[in-house]
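J.: Below are the structure tokens for one structure; questions will follow.
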Amino acid sequence: LQDDGTHKIFALIGEAYEVLSNPLLRAVFDQYGEEGLKRGVPGPGEYIPSYHYHGDPLRTYKEFFGTASPYADLLNYLKDPPSLYELPEVRGVRKKQPPIYHPLCLTLHEIYFGGVKKMKIRRLQFIGSDCILTELKENILSVPIKPGIKPETLIIFPEEGDQNPLHIPADVIFVTKEREHECFTRQNNDLIMRVEISLEEALLGTTVTVSTIDHRTLRVPITDVVSPSYEKVVENEGMPILENPENKGNLIIRFTISFPQYIPQSSKDVFQKAFHLVKIGGGFHHEMINKMILADKIMRIDPCEQLP
1 LQDDGTHKIF ALIGEAYEVL SNPLLRAVFD QYGEEGLKRG VPGPGEYIPS YHYHGDPLRT
61 YKEFFGTASP YADLLNYLKD PPSLYELPEV RGVRKKQPPI YHPLCLTLHE IYFGGVKKMK
121 IRRLQFIGSD CILTELKENI LSVPIKPGIK PETLIIFPEE GDQNPLHIPA DVIFVTKERE
181 HECFTRQNND LIMRVEISLE EALLGTTVTV STIDHRTLRV PITDVVSPSY EKVVENEGMP
241 ILENPENKGN LIIRFTISFP QYIPQSSKDV FQKAFHLVKI GGGFHHEMIN KMILADKIMR
301 IDPCEQLP
């Protein structure tokens, strides 16, 4: 606008814009023309004073558009470009990426007590507020573990996947798995334990020592005759029940019976007598069978090893 001719043209445009955009000035101009506008005219209630343009087209532009620069919108866009998320072409079009699954392996100890497990993941994250460039970063997620949590449980962290200008981040989903335990196998809320005992213990009874997951020692007496299908159930010594962790499942002890590879004839005779008594009496008489087995052991001692 430094050129005099250009300034005059823009001044005329600015003056016309001010008059036509003002309802009162426009009504005066329409009825009395430019002369009446600049001289002033009587109004219905009061005198309408004359109008004179100030002569600064940039002032007019600023008054109506809030800035003196006609390129303000473009400059603001270049200086502070909107995020791709805010662009109308992208808004409403972005689709969510498919979920990302991670196995979450838990020990029976972790399942028994519950708690929080820290899991490290790597994902692409935006650099800066423009949400365009990304870099690979490590992220620590705190995974809540409820006591008695079931295997194949899905623990969901919404939109913790890779960030991408064109997609909604995926959900990160942890799937619980159970690690093998050296003594116990979990079956729903019960714990299964297998113990190997001798034939003598199976017939005469024994005591099974159990080291529990919560670091206690149980001594479980076995007084019944143990058959291959026999199970000893110890109530409330299993895993916490998810819905009510104060209650627990059962500990189920199963048995593997170890048979001797060889039985001498004298021992067979003793067993035969014992089984005969069972048929007659309808059950084992433990004291009598103990005496028979003891007698059999004495008979099998080498004479050279006997005490004088």
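For reference, each letter of the sequence shown is one residue, going 1 to 308 in full-length UniProt numbering.
Idealized CB from N, CA, C, for every residue including glycine.
If you're wondering where the values come from, they're calculated on a predicted model, not measured in any experiment.
1) Taking the C-alpha atoms as reference points, what is the distance between I192 and L251?
2) With a 10 Å radius around its C-beta and 16 neighbouring C-beta atoms as the bar for buried, classify Q306 as buried or exposed.
3) Taking DSSP as the reference, what is the three-state secondary structure of S258?
4) At the level of alpha carbons, what is the spacing between I121 and L141?
5) Using 8 Å as the Cβ pair cut-off and three pairs as the minimum, do the region 215-224 and the region 126-146 touch?
6) Within 10 angstroms of its Cβ, does A16 collect 16 or more other Cβ (buried), or is it exposed?
7) Secondary structure at P23, three-state DSSP: helix, strand or coil?
8) If you count every other CB in all the chains shown that lies within 10 Å of the CB of A27, and 16 or more means buried, which is it?
9) For G115, write down the residues that DSSP places opposite it in a beta bridge.
10) Would DSSP call H102 helix, strand or coil?
11) Pick from G115, I197 and I155: whose alpha carbon is nearest that of P147?
12) Alpha carbon to alpha carbon, how far is E231 from R254? Give it in angstroms, no decimals.
13) Considering only the beta carbon of each residue, do Y101 and M239 sit closer than 8 Å?
14) Among the residues of its own chain, which have a CB less than 7 Å from the CB of G55, if the five just before and after it don't count?
15) Measuring only the C-alpha atoms, how far is I222 from E178?
16) CA-CA distance, E180 and E159?
T.: Answer, in terms of the structure:
1) One-based indexing of the sequence shown puts residue 192 at position 192. One-based indexing of the sequence shown puts residue 251 at position 251. Cα-Cα distance, rounded: 6 Å.
2) The count along the sequence shown starts at 1 and reaches residue 306 at position 306. Confidence at Q306 is low in this model, with a pLDDT of 46, below 50, so the placement of that residue should be treated as unreliable; the coordinate-derived value is given next. Exposed, because fewer than 16 other Cβ atoms sit within 10 Å of the Cβ of Q306.
3) On the sequence shown, residue 258 is found 258 positions in, with the first residue counted as 1. Taken through DSSP and simplified to helix, strand or coil, S258 comes out as strand.
4) Within the sequence shown, numbered from 1, the residue matching residue 121 stands at position 121. Within the sequence shown, numbered from 1, the residue matching residue 141 stands at position 141. Near 8 Å, if we compare the C-alpha coordinates of L141 and I121.
5) The region 215-224 and the region 126-146 do not touch, with fewer than 3 CB-CB distances between them shorter than 8 Å.
6) Your numbering for residue 16 matches position 16 in the sequence shown. Exposed, since its Cβ has fewer than 16 Cβ neighbours within 10 Å.
7) The residue you call residue 23 lines up with position 23 of the sequence shown. In the structure shown, P23 adopts helical secondary structure according to DSSP, grouped into three states.
8) Position 27 of the sequence shown, counted from the start, is the residue given in the question as residue 27. It is exposed - the Cβ of A27 has fewer than 16 other Cβ atoms within 10 Å.
9) Along the sequence shown, read from residue 1 onward, the residue named residue 115 stands at position 115. Looking at the DSSP output, G115 bridges to I145.
10) To locate residue 102, count along the sequence shown from 1; it is residue 102. In the three-state scheme derived from DSSP, where H, G and I count as helix and E and B as strand, H102 is classed as strand.
11) The residue labelled residue 147 in the question sits at position 147 within the sequence shown. Minimum Cα distance to P147 is reached at G115.
12) Here residue 254 refers to the residue found at position 254 when the sequence shown is read from its first residue. Here residue 231 refers to the residue found at position 231 when the sequence shown is read from its first residue. If I take the Cα positions, the gap works out to 5 Å.
13) Locating residue 101 in the sequence shown gives position 101, counting from the first residue. Locating residue 239 in the sequence shown gives position 239, counting from the first residue. The answer is no: Cβ separation not under 8 Å.
14) For the purposes of this step, residue 55 is taken as residue 55 along the sequence shown, with counting starting at 1. By the criterion of a C-beta distance shorter than 7 Å, G55 is surrounded in its chain by A11, once the five residues flanking it on both sides are discounted.
15) Translated into positions along the sequence shown, residue 222 becomes position 222. Translated into positions along the sequence shown, residue 178 becomes position 178. Their Cα atoms are separated by approximately 30 Å.
16) Start at 1 with the first residue of the sequence shown, and residue 180 comes out as number 180. Start at 1 with the first residue of the sequence shown, and residue 159 comes out as number 159. In this model, E180 and E159 are separated by some 32 Å (Cα to Cα).
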